[in-house]
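Chains as they are written, first to last, in this note's numbering: chain A, 6 to 421; chain B, 6 to 421. Built from N, CA and C at the ideal position, the CB exists for glycine as well. Right, one structure below, let's go through it.
There are 2 protein chains.
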Amino acid sequence: MTAAQTATDTFFRSRWVERPAHVSELEPTGLPTGFRAAGVAAGLKAEGLDVGVLFSDVSGTVSAARFTSNALVGAPVTVSREAERGRLRAAVANSGGSNTGDGERGLETARATQRLAAKLLAVEPEQVGVASTGLIGTELPRLQMLDGVRAAIAGLGGDADSFSRAILTSDRRPKRACLRVQLPGGPVTVAAQAKGAGMISPRFATMLCFLQTDAAMSVDTLDLLTGVTVKRSFDRVSVDGQLSTSDTVFAFASGASGVRVEPETEDELRLGEAMDGLLRQLALEIVADGEGAARVGRVVVRGAGELVEPVARAVANSNLVKTALHGGDANFGRIVQAAGTAFPPGTPMLVDLEIEGRLVVSGGRALAADSALLDQLVQGREVEYALTLPGHGGETEVFFSDLSPEYVRLNSEYTT
Amino acid sequence: MTAAQTATDTFFRSRWVERPAHVSELEPTGLPTGFRAAGVAAGLKAEGLDVGVLFSDVSGTVSAARFTSNALVGAPVTVSREAERGRLRAAVANSGGSNTGDGERGLETARATQRLAAKLLAVEPEQVGVASTGLIGTELPRLQMLDGVRAAIAGLGGDADSFSRAILTSDRRPKRACLRVQLPGGPVTVAAQAKGAGMISPRFATMLCFLQTDAAMSVDTLDLLTGVTVKRSFDRVSVDGQLSTSDTVFAFASGASGVRVEPETEDELRLGEAMDGLLRQLALEIVADGEGAARVGRVVVRGAGELVEPVARAVANSNLVKTALHGGDANFGRIVQAAGTAFPPGTPMLVDLEIEGRLVVSGGRALAADSALLDQLVQGREVEYALTLPGHGGETEVFFSDLSPEYVRLNSEYTT
């Protein structure tokens, strides 16, 4: 199924992400040299795979990580933050429970997971990162979790298929890719597996991403590349304006390709471009992963440096904008109104707004527009809004999902 | 219909608003001495009343006003801000078009409205406030508007029924009350008419409120009372986290009762309590005015002064909290997660959460709870959440509506 899907439907599906010329797609479940992975069903979810382990066999592997900025964090985030010193070798992930708000018991479960994986993989506990996703405020069954870790490690293999499925909650499909990247120094491979439910089930809206490469580099280089590309991808999306307690990105570089990436070289630049495309497309998959009819919006804001970010967020998080996007309604009034909420009160709103490249508001004034034509422009699966504010020096973008009756129904009808 | 409704269903319907002991209810369409009002159908809407005029016959009338803090404002807000100097005598309001984003033409329509009303009422243009609600970015038909002003002024009478209906857009019913207030100095009357659609149609979610009293007072006293009571009412509600371009509150004191309210007296205190109850209940009506099944939530947050406001807003504006409220799901995880987004990253989330008076999270840890019992607690039309944060000195509340599939359907299916 996956292979067929890939054949007709390449990874770089969004018009907002271009495949860099030096990048080609490999089988999406592939892993770079040096990595093994597996996912198993440990009974944390009613059905399906729910515990995954990712491991690098190379002792000199370097790592980088990024975590949610929510003050409420799951126990795995606390434990992984303590562990991560640029030398992680493994990650244990589970769906079916986020292990958040369970106090000392939860922390001990996360640590026991880390210790067991370290022992079985013959590394130090501080070389194992952990990540959990699922309900908040329930106990994560420790014995099932540990059994899952044992089974997954026993089954470690050279592809990421079962691992990429074990981290899903209500995602409609796995989100993963494996890319061949031609660097001046030679070819390397970069792969990533992500999860994140869009509209379907923001109750479990944690996003997780695991990135692997066989390029060789310093901890600082991997950290820099990870930081920059996460900022341009997972930091730029809004499903429902909510920040999860468990968002985690782990990146690993095994060095097994023998191709070394030095700072401020063409190698670094090209690898960065590949990671950028990879993570941006995965972030867009998270936004788009709603029911069939979901649309994805992109708001681009240019103008005064201090205004572009709050304005872009205000538009992307507005329920009125999201419902108009859902309805295929080119409602420019809602865009400008939402933007206005982020302006300092009393500032004249001399903004220009383009929808799909067509100027509809100029200097704050609505232009006479052919509304039938405008509505036609917003019927596609991706809709772009560009706002130009007074001032200079700032430019940003946020990708956002629409708001559908299904979102509300699913999130209302769940019971704890 | 209105009278019957009032008989079975008194104005102070919310358990969160108490009728002060010195306040009694009069016919809800009543007006204090000195005021006249009318509403007419001028064709701005497809059907129903759409232009209203409110006037005080007393030359010494004082006024106060509050406006939206959105940087994008309708032309009527600009014109009214320029006019308001504490001596407004009249307000002209319309539904069917917010006169926002129409540049000079819109400003001129607002000014022409003001001038015509002033001429017909024999006051200065700067004594007429204007307020519009409806679509953004369309032209408000000037001739129809002016014809409406003429007809309304010709029909001015001693009750607020037609006026209170002319300001509605998709509100399910008029929002109005008239109260007798027993002050130490003698009895006075306070009335108010408000509009604001809750879940049904936030496309038109402007809130307007017109308050009248026959108490006598200085401009400063009316301004103080208006500011304090607006802060505790219309400033404390969230329908969809969106700020309208046209929110306006006008307050008028005619002095016709002969009862004078001096600063820092028992009279001022009691009048303030009456206005407080009046505006809080009207604000709650705005939140509750959704489809039949809508629930209203109240989040009370206590703790460090700088945290309580952003935390309360984060909870009230969270789609996950709103959908859980809609579904009757006592989902404490979503409340704490939403609160966590407003904490400075890295701050330990040592919070307590009570739902309907029952402690469910203590020191950031979920307590073992009887979830069937908890779910029972959140089946009513009003649900209360109380969060206690670390620190002292701050306490606030926000009232919010739930998020229903109907909200999304209505806001998706509209076309411009």
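Quickly, what does DSSP pair B/G302 with across the bridge? List them, please.
-> As a first step, residue 302 of chain B must be located in the second sequence, where it is residue number 297. Partner(s): B/V388 and B/F405.
What are the boundary residues of the beta strand (DSSP E) that includes A/P192?
-> Reading the first sequence from its first residue, position 187 is the one you call residue 192 of chain A. G191 to K200 is the span of the beta strand (DSSP E), which, as asked, contains A/P192.
Closest Cα partner of A/R24 within the set A/R386, A/Q119, A/M222 and A/L184 | To locate residue 24 of chain A, count along the first sequence from 1; it is residue 19. Of A/R386, A/Q119, A/M222 and A/L184, the residue nearest in Cα terms is A/L184.
By how many angstroms is the C-alpha of A/G362 removed from the C-alpha of B/S249?
-> Residue numbering aside, residue 249 of chain B sits at position 244 when the second sequence is read from its first letter. Residue numbering aside, residue 362 of chain A sits at position 357 when the first sequence is read from its first letter. The straight-line gap from Cα to Cα measures roughly 26 Å.
Under three-state DSSP, which class holds B/A76?
-> Here residue 76 of chain B refers to the residue found at position 71 when the second sequence is read from its first residue. Looking at B/A76 - three-state DSSP - the assignment turns out to be coil, as it is neither helix nor strand.
Below-8 Å beta-carbon distance, B/D107 vs any chain A residue | In the second sequence, residue 107 of chain B corresponds to position 102, counting from 1. It does; some Cβ of chain A falls within 8 Å.
Beta-carbon proximity list for A/L121, same chain, < 6 Å, skipping 5 on both sides | For this step, residue 121 of chain A is matched to residue 116 along the first sequence. These residues qualify, in order along the chain: L151 and V154.
Distance between A/V313 and A/V341 (C-alpha atoms, nearest Å) | The residue given as residue 341 of chain A occupies position 336 in the first sequence. The residue given as residue 313 of chain A occupies position 308 in the first sequence. Straight-line Cα distance between these residues: approximately 13 Å.
If you draw a straight line from the C-alpha of B/P410 to the C-alpha of B/A98, how long is it?
-> By 1-based counting over the second sequence, the position of residue 410 of chain B is 405. By 1-based counting over the second sequence, the position of residue 98 of chain B is 93. Taking the straight line joining both Cα atoms gives about 31 Å.
Residue ranges of each alpha helix (DSSP H) within the region 58-126 of chain B, 4 or longer | 80-88 and 108-126
Chain-ordered residues of the region 368-380 of chain A with a beta carbon less than 7 Å from chain B | G369, R370, A371, S376 and D380
Coil, strand or helix - B/V316 by DSSP | Position 311 of the second sequence holds residue 316 of chain B. The answer is helix: DSSP assigns B/V316 an H, G or I state.
Whole angstroms is fine: what's the gap from A/A123's alpha carbon to A/R147's?
-> The count along the first sequence starts at 1 and reaches residue 123 of chain A at position 118. The count along the first sequence starts at 1 and reaches residue 147 of chain A at position 142. Distance between the alpha carbons of A/A123 and A/R147 is about 16 Å.
Which residues in the same chain have their Cβ closer than 7 Å to the Cβ of B/A12, if we skip the five residues on either side of it in sequence?
-> Along the second sequence, one-based indexing puts residue 12 of chain B at 7. Because the pLDDT at B/A12 is just 41, under 50, the model does not fix this residue reliably, and the value given afterwards should be weighed accordingly. Correct list: empty, nothing qualifies.
Tell me, please, whether the CB atom of B/I2 is closer than 8 Å to any CB atom in chain A?
-> The structure shown does not extend to residue 2 of chain B, since chain B spans only 6 to 421, so no value can be given for it.
Find the residues of chain B that neighbour A/P350, judging by a C-beta separation of less than 8 Å, and give them in chain order.
-> Here the question's residue 350 of chain A lines up with position 345 in the first sequence. S74, N75 and A76, listed in chain order.
When DSSP labels each residue in this structure, what does A/K50 get in the three-state scheme?
-> Here residue 50 of chain A corresponds to residue number 45 of the first sequence, with the count starting at 1. The answer is coil: DSSP assigns A/K50 none of H, G, I, E or B.
Excluding five sequence neighbours on each side, which residues of the same chain lie with their C-beta closer than 7 Å to the C-beta of A/Q10?
-> Counted from its first residue, the first sequence places residue 10 of chain A at position 5. In this prediction, A/Q10 has a pLDDT of 38, which is less than 50 and means its spatial position is unreliable; what the coordinates show is noted afterwards. Contacts found: none.
With respect to the alpha helix (DSSP H) encompassing A/F17, which residues constitute its N-terminal and C-terminal limits?
-> Here residue 17 of chain A is taken as the residue at index 12 of the first sequence, counted from 1. Looking at the DSSP string, A/F17 is not in any alpha helix (DSSP H), and its letter there is neither H nor E.
Please state whether DSSP places B/V128 in a helix, a strand or coil.
-> Locating residue 128 of chain B in the second sequence gives position 123, counting from the first residue. Looking at B/V128 - three-state DSSP - the assignment turns out to be coil, as it is neither helix nor strand.
Report the neighbours of A/F337 on chain B: residues whose CB is nearer than 7 Å to its CB, in chain order.
-> Here residue 337 of chain A corresponds to residue number 332 of the first sequence, with the count starting at 1. Result: G142.
Is the CB of B/T346 under 8 Å away from at least one CB in chain A?
-> For the purposes of this step, residue 346 of chain B is taken as residue 341 along the second sequence, with counting starting at 1. Cβ-Cβ to chain A under 8 Å: yes for B/T346.
Can a CB atom of chain A be found closer than 8 Å to the CB of B/V413?
-> Within the second sequence, the letter at position 408 stands for residue 413 of chain B. True, the Cβ-Cβ gap to chain A drops below 8 Å.
So, using beta-carbon positions, are A/R116 and A/V84 closer together than 8 Å?
-> The residue given as residue 116 of chain A occupies position 111 in the first sequence. The residue given as residue 84 of chain A occupies position 79 in the first sequence. Yes, these two residues count as a Cβ contact at 8 Å.
Any idea if B/A298 is buried or exposed, counting beta-carbon neighbours within 10 angstroms, 16 or more meaning buried?
-> By 1-based counting over the second sequence, the position of residue 298 of chain B is 293. Low local confidence applies: a pLDDT of 49 at B/A298 is under 50, so the model's placement there is unreliable, with the coordinate-based value given in what follows. It is exposed - the Cβ of B/A298 has fewer than 16 other Cβ atoms within 10 Å.
Boundaries of the alpha helix (DSSP H) in which A/F40 is found, first to last residue = As a first step, residue 40 of chain A is located in the first sequence; it is residue number 35 there, counting from the start. Per DSSP, A/F40 belongs to no alpha helix (DSSP H); it is in the beta strand (DSSP E), F40 to V45.
Under 7 Å between beta-carbons, which chain B residues line up against A/M354? List them in chain order, please.
-> Within the first sequence, the letter at position 349 stands for residue 354 of chain A. Those are A76 and L77, listed as they occur along chain B.
Where A/F239 falls: helix, strand or coil (DSSP) | For the purposes of this step, residue 239 of chain A is identified with residue 234 of the first sequence, where counting begins at 1. Helix, per DSSP.
Contacting residues, own chain, Cβ-Cβ under 7 Å from B/E271 (five flanking each side not counted) | Stepping through the second sequence from its first residue, residue 271 of chain B is reached at position 266. Cβ within range, chain order: P189.
Just mark A/D252 as buried or exposed, buried being the case when its beta carbon has 16 or more other beta carbons within 10 Å.
-> Translated into the one-based positions of the first sequence, residue 252 of chain A becomes position 247. So A/D252 ends up on the buried side.
Determine, using beta carbons only, whether B/Q342 comes closer than 8 Å to chain A.
-> For this step, residue 342 of chain B is matched to residue 337 along the second sequence. Chain A, which has a Cβ nearer than 8 Å to the Cβ of B/Q342, makes this yes.
Determine, using beta carbons only, whether A/G297 comes closer than 8 Å to chain B.
-> Within the first sequence, numbered from 1, the residue matching residue 297 of chain A stands at position 292. Only weak support exists for where A/G297 lies, its pLDDT of 45 falling under 50; the value from the coordinates is given anyway. So, not an interface residue.
Which value, in whole angstroms, describes the spacing of the CA atoms of B/A70 and B/A258?
-> Walking along the second sequence from the start, residue 70 of chain B turns up at place 65. Walking along the second sequence from the start, residue 258 of chain B turns up at place 253. Using only the alpha carbons, I get a separation of about 12 Å.
Ignore the nearest five residues each way along the sequence and tell me which others in B/H27's own chain have a CB closer than 6 Å to its CB.
-> Along the second sequence, one-based indexing puts residue 27 of chain B at 22. The residues are Q187 and R275.
With a CB to CB cut of under 7 Å and the five nearest residues on each side skipped, what residues in its chain are close to B/G101?
-> As a first step, residue 101 of chain B must be located in the second sequence, where it is residue number 96. L49, K50, D55 and G139.
If you check the beta carbons only, do B/Y390 and B/G302 fall under 8 Å apart?
-> The sequence position of residue 390 of chain B within the second sequence is 385, counting from 1. The sequence position of residue 302 of chain B within the second sequence is 297, counting from 1. Contact: yes.
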